[in-house]
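To convert, take the position in the sequence shown, counting from 1, and add 13; that gives the numbering used here.
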Amino acid sequence: MADDERVPVNSKQTVLRIHEKIKKEVHEIASKKSWTTQQKENFEKKLLELYKESVEETMQENVVIGGQSWDNSGQLEDSSSSLLQEEMEPLNRDRITEVLQICSDLEDMIRDTTQKRKRYPQQVVEGVSNILQSQKEFLEHYQPVIKSNLLSGGTSVITPDLEECIQRLQATASDVMQLSKSFPELHSKAERLRQAVHSHQAMQECETDGVLFALENKNETLNSSSTEPAVMRDEENTETLKLVDFLWWGGEKRRSRPPVRFDASLNTYGD
């Protein structure tokens, strides 16, 4: 058969994989038959012989592997695999070194872990046993100490302090009750005092009231024939003004227009 009529294939492994797949399907077909084991084996053997004679040998004759026939392609594949191995040798060498290092580290880790599993549990058991033993000895030798004063006269020591506190509390409670009763009266007195002080300040600040009351006092002084000193009259007038202002205005500041001055020489009011 001419080379132009053959099927080009890159490797023998492709054809061999096809044969293996077909043989596997033949075995599955034989296993599905409801025969005995001997009958299945005979059927599969004859079917494979028929396949080899009719298909496998014919396929080998009609396949070209790298321009070579089936029988001569073995040397070509060996040489190509050797070339590929030479090309991949540096990469494989580095990979082998890395794998060996990982294996060495893994062995060291396994060795350390094994040593710890042998050493640490024993140390933990020893430590726990020592703690339990020390606690047991402490409880065995423990002797509670009770103070004598608590047994003999504890109540007599505490009672006077409690009685004194009760007396002080009662005295304080009575003082608080008296203060609460007198608080409204004190509040009213303080409020009246505040109003009086406020009214006095308002009277001093109000010039209009001063002018009006001063005018009345002046007319009374001119019409009266009293011979009392002027100082005494001023004091009486001041007290009267305070009383009138407090009773009339209620301690609030009077709002009015600006005061009008009185001219005594002309007996008239002017600006």
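In this text, a Cβ means the ideal position worked out from N, Cα and C, and glycines have one as well.
Query	Result
Decide yes or no for the touch test of the region 113 to 121 against the region 60 to 75: beta carbon pairs closer than 8 Å, at least 3 of them.	no
Tell me whether the beta-carbon of Asn-55 lies closer than 8 Å to the beta-carbon of Val-20.	no
Given a threshold of 16 other Cβ atoms within 10 Å of its Cβ, counted over all protein chains shown, does Leu-47 qualify as buried or as exposed?	First, the residue type needs correcting, since residue 47 is Ser and not Leu in the sequence shown. Flag for Ser-47 reads exposed.
Sort Ala-209, Ala-186, Ser-187 and Glu-57 by Cα distance to Ile-42 and report the nearest one.	Glu-57
I need the DSSP call for Ile-159, collapsed to helix, strand or coil.	coil
State the CB to CB distance for the pair Val-77 and Val-22, rounded to an integer number of angstroms; the pair is presumed to be in contact (CB under 8 Å).	7 Å
Whole angstroms are fine: how far does the CA of Arg-108 sit from the CA of Glu-38?	39 Å
Quick check on the DSSP output: the alpha helix (DSSP H) that includes Val-28 runs from which residue to which?	25 to 44
At the level of alpha carbons, what is the spacing between Pro-197 and Glu-204?	10 Å
What span of residues does the alpha helix (DSSP H) with Glu-57 cover, start to end?	50 to 64
Counting along the chain, where does the alpha helix (DSSP H) carrying Gln-81 start and finish?	It is not in any alpha helix (DSSP H) - Gln-81 carries neither H nor E in the DSSP assignment.
Go ahead and label Ser-195 buried or exposed: buried means 16 or more other beta carbons lie within 10 angstroms of its beta carbon, across all protein chains shown.	exposed
Need the endpoints of the alpha helix (DSSP H) that Glu-69 sits in, please.	From DSSP, Glu-69 is part of no alpha helix (DSSP H); its letter is neither H nor E.
Is the beta carbon of His-32 closer than 8 Å to that of Glu-69?	yes
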